[in-house]
Amino acid sequence: EAGVTQFPSHSVIEKGQTVTLRCDPISGHDNLYWYRRVMGKEIKFLLHFVKESKQDESGMPNNRFLAERTGGTYSTLKVQPAELEDSGVYFCASSQVGVASRAPGLRTSYGYTFGSGTRLTVV
Amino acid sequence: SQQGEEDPQALSIQEGENATMNCSYKTSINNLQWYRQNSGRGLVHLILIRSNEREKHSGRLRVTLDTSKKSSSLLITASRAADTASYFCATEIRGAQKLVFGQGTRLTINP
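Here it is in structure tokens:
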């Protein structure tokens, strides 16, 4: 099966501009997560969708960040306006509810699969 | 402080040596997972250990979990230059459908 796809892989924008990141989860996965790693620090949870609904958005840093998942398929994460401190790697992951892992590799107890990330550089 | 704190923050060893990284956490967990990130690229899942397990092996990886101390360790044996990366532990907190990551350990394998 296809994995989680993130686009673009790398984006360089100027401070004040807008950037939209996209994540295509594994088909059929209801859960979609956004995480980011900023300035070599820890990987922080941003939010969690279940289908098109925001289940948990406690990690969203401020109102410059807007995540959507229209139709419960792919998701977008828009940063507007971008600031220098937004630079980092943004990861998306998807999982299927209640699927237990039986094999090593990308899947986990809840079947999390991560994309390769989008490296955002704000200059 | 953060759930899933790694120790050390940076580790540099010679190729062929073993590398040990530790992780501590604070709350009850379903499982603990280790991930690798190469040069700012994507996250690669390495191994998962459930809360009722104490030790797990996968190739050159060995993970231990001590739920009484809320800690885990990742041992990479016979390290290779290709093992150079950042390693993160992540906990799946009981009752929550998400992973909480630590700050990571930057591992450098010197040839």
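Going down the list, the sequences are from chains A and B. For the first sequence, position 73 matches number 379 in the numbering used here, and the numbering has no gaps at all. For the second sequence, position 52 matches number 116 in the numbering used here, and the numbering has no gaps at all. Just so it is clear, CB atoms sit at the ideal spot from N, CA and C, and this is done for glycine as well. Nothing here was measured: the structure is a model prediction, and the numbers come from that model.
Please state whether the Cβ-Cβ distance between Arg328 (chain A) and Val395 (chain A) is less than 8 Å. In this structure, the beta-carbon distance from Arg328 (chain A) to Val395 (chain A) does not fall below 8 Å.
Among A:His354, A:Gln361, A:Glu348 and A:Phe371, nearest to Gly168 (chain B) - alpha-carbon criterion: The shortest C-alpha separation from Gly168 (chain B) is found at A:Glu348.
Looking at the strands, I want to know which residues DSSP matches up with Ala399 (chain A). For Ala399 (chain A), the pairing in a beta bridge is given by DSSP as A:Tyr339 and A:Phe420.
Using only the alpha-carbon positions, how far apart do Glu389 (chain A) and Gly322 (chain A) sit? Glu389 (chain A) and Gly322 (chain A) have their C-alpha atoms spaced approximately 6 Å apart.
Step through the CB atoms of chain B and report whether any lies within less than 8 Å of the CB of His335 (chain A). So no, His335 (chain A) is outside the interface.
Taking 8 Å as the threshold (C-beta atoms), are Lys162 (chain B) and Lys90 (chain B) in contact? No; because the gap between Cβ atoms is not below 8 Å, this pair is not in contact.
Local conformation of Ala146 (chain B) per DSSP, three classes: Looking at Ala146 (chain B) - three-state DSSP - the assignment turns out to be helix.
Given this structure, state the Cα-to-Cα distance separating Gln73 (chain B) from Thr172 (chain B), to the nearest angstrom. Between Gln73 (chain B) and Thr172 (chain B), the C-alpha separation is close to 11 Å.
Local conformation of Val405 (chain A) per DSSP, three classes: Confidence at Val405 (chain A) is low in this model, with a pLDDT of 47, below 50, so the placement of that residue is unreliable and no value is reported for it.
When you compare each of B:Thr131, B:Ser132, B:Ile111 and B:Thr141 to Arg124 (chain B) by their alpha carbons, which one comes out closest? The shortest CA-to-CA distance from Arg124 (chain B) to any of B:Thr131, B:Ser132, B:Ile111 and B:Thr141 is the one to B:Thr141.
Could you check whether the Cβ of Ile349 (chain A) sits closer than 8 Å to any Cβ belonging to chain B? Closer than 8 Å: yes.
Could you check if Asn102 (chain B) is buried or exposed, using at least 16 other CB atoms within 10 Å of its CB as the buried criterion? That one is exposed.
Could you work out which residues of chain A lie near Val127 (chain B), taking near to mean beta carbons separated by less than 7 Å? Taking a Cβ-Cβ cut-off of 7 Å, Val127 (chain B) has no neighbours in chain A, whose nearest Cβ is about 11 Å from it.
In chain order, which beta strand (DSSP E) runs of at least 3 residues are fully inside the stretch 98-143 of chain B? DSSP runs (the beta strand (DSSP E)) wholly in the stretch 98-143 of chain B: 107-114, 119-122, 125-130 and 135-140.
Inter-residue spacing [alpha-carbon to alpha-carbon] between Pro175 (chain B) and Asn368 (chain A): The alpha-carbon atoms of Pro175 (chain B) and Asn368 (chain A) are separated by roughly 44 Å.
Under the three-state DSSP convention, the category Glu70 (chain B) falls into: In the structure shown, Glu70 (chain B) sits in a strand (DSSP, three-state: E or B).
Starting from Gln167 (chain B) and walking both ways along the beta strand (DSSP E), at which residues does that stretch end? For Gln167 (chain B), no beta strand (DSSP E) encloses it, and the DSSP letter there is neither H nor E.
How is Thr379 (chain A) classed by DSSP in three states: helix, strand or coil? In the structure shown, Thr379 (chain A) sits in coil (DSSP, three-state: anything other than H, G, I, E or B).
Residue-chain proximity (Arg105 (chain B), chain A), Cβ-Cβ < 8 Å: True, the Cβ-Cβ gap to chain A drops below 8 Å.
Per-residue DSSP class, three states only, for Glu320 (chain A): For Glu320 (chain A), the secondary structure class from DSSP, reduced to helix, strand or coil, is coil.
Can you confirm whether Trp98 (chain B), when its beta carbon is compared against all beta carbons of chain A, has any partner nearer than 8 Å? Using beta-carbon distances, Trp98 (chain B) does not count as an interface residue toward chain A, since no partner is under 8 Å.
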